[in-house]
Ligand code: GRF
């Protein structure tokens, strides 16, 4: 599966995808890593593994639509057939989604529909939840909303801060994101309304 990965920061989820690909257990190739942020550490991770990178600063575009179109073109130029948002701190718009229908995935550090939006780990810790976790979902036109592909849970402790809870969640993100991308690569994901059916392998 030719994949594009969009990042804004550290890129540890990007790294988890690269590691599984290099281990031969994820049937995908990252054709491009695109960051809106020129100083994203994830860009260095990509370069270290010989993956082409592009920086598309959103400030360079007059409006959301133009930025969305620029992202879409960059992904199409790279020949990708699916897109993984991995800590990409911009909203993707309708033009990008139309170019890759049910082919854009996001990872969110909470058990959706709890705590959508920014700082979900802090939100969870502040709320005092006992279970936290992460969600990989298809991206639709609403923030952190599309059909859920996979979720995983971790305990949340009374003494947790957003930081400590976030680290525990992140370790789980690194396990479920490659799994979701592998299902997509195997053509096993079918969206039926809000439900995502994971079909058996080989069908
Ligand atoms: C992760 O917590 C992810 O769930 C959220 O942003 C963070 C990105 O971390 N959307 P990294 O850049 O992959 O290390």
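Residue numbers (the UniProt record's numbering): 3 to 205. No residue lacks a Cβ here, since even glycine has one placed at the ideal position from N, Cα and C. Predicted model, so just to flag it, every value in this text is computed and none were measured.
| task | Decide if the stretch 112-123 is in contact with the stretch 95-104; the criterion is three or more beta carbon pairs, one per stretch, under 8 Å apart. | result | No, the stretch 112-123 does not touch the stretch 95-104.
| query | Under 8 Å between the Cβ atoms of residue 16 and residue 44? | reply | A contact, by the Cβ cut-off of 8 Å.
| In or out: residue 175 buried (at least 16 other Cβ within 10 Å) or exposed? | Buried: at least 16 other Cβ atoms inside 10 Å.
| message | Given a cut-off of 8 Å on the beta-carbon distance, is the pair residue 33 and residue 5 in contact? | response | In this structure, the beta-carbon distance from residue 33 to residue 5 falls below 8 Å.
| Using CA coordinates, which residue listed in 14, 11, 28 is at the minimum distance from residue 183? | Of the candidates 14, 11, 28, the one whose C-alpha sits nearest the C-alpha of residue 183 is 28.
| query | residue 86 by DSSP, collapsed to three states: which one? | reply | Of the three classes helix, strand and coil, the one that applies to residue 86 here is strand, per DSSP.
| Could you give the distance in angstroms between the alpha-carbon of residue 155 and the alpha-carbon of residue 53? | Each residue's alpha carbon lies about 31 Å from the other.
| By DSSP, does residue 184 sit in helix, in strand, or in coil? | In this structure, residue 184 counts as helix in the three-state DSSP scheme.
| query | Any contact of the stretch 92-99 with the stretch 67-77, i.e. 3+ C-beta pairs under 8 Å? | reply | Contact holds between the stretch 92-99 and the stretch 67-77, because three or more Cβ pairs, one in each stretch, are under 8 Å apart.
| To the nearest whole angstrom, what separates the beta carbons of residue 149 and residue 200, a pair I think is in contact under 8 Å? | For residue 149 against residue 200, the beta-carbon gap comes to about 12 Å, at or over 8 Å, which does not count as contact.
| message | Tell me whether the stretch 54-63 and the stretch 121-130 touch, counting them as touching only if at least three CB pairs, one residue from each stretch, are closer than 8 Å. | response | Contact fails: fewer than three Cβ-Cβ distances are below 8 Å.
| request: Return yes when the Cβ of residue 25 is within less than 8 Å of the Cβ of residue 186, no when it is not. | output: Contact check for residue 186 against residue 25 fails: the beta carbons are separated by 8 Å or more.
| task | Assuming residue 14 contacts residue 42 (C-beta within less than 8 Å), just tell me the rounded distance between them. | result | Their Cβ separation, rounded to whole angstroms, is 12 Å, which puts residue 14 and residue 42 out of contact at 8 Å.
| query | Per DSSP, residue 154 forms a beta bridge with which residues? | reply | In DSSP, residue 154 forms a bridge with 136.
| In angstroms, rounded to a whole number, what distance separates the CA positions of residue 158 and residue 178? | The C-alpha of residue 158 lies about 18 Å from the C-alpha of residue 178.
| request: Verify the contact flag: residue 152, CB atom, against every heavy atom of the ligand GRF, threshold strictly below 7 Å. | output: Residue 152 Cβ: outside cutoff for every heavy atom of the ligand GRF.
| field | Local conformation of residue 110 per DSSP, three classes | value | It is a strand residue.
| How many angstroms separate the CA atom of residue 203 from the CA atom of residue 189? | Rounded to whole angstroms, residue 203 to residue 189 spans 9 Å at the Cα level.
| Just the Cα atoms here: how many angstroms apart are residue 98 and residue 138? | Rounded to whole angstroms, residue 98 to residue 138 spans 18 Å at the Cα level.
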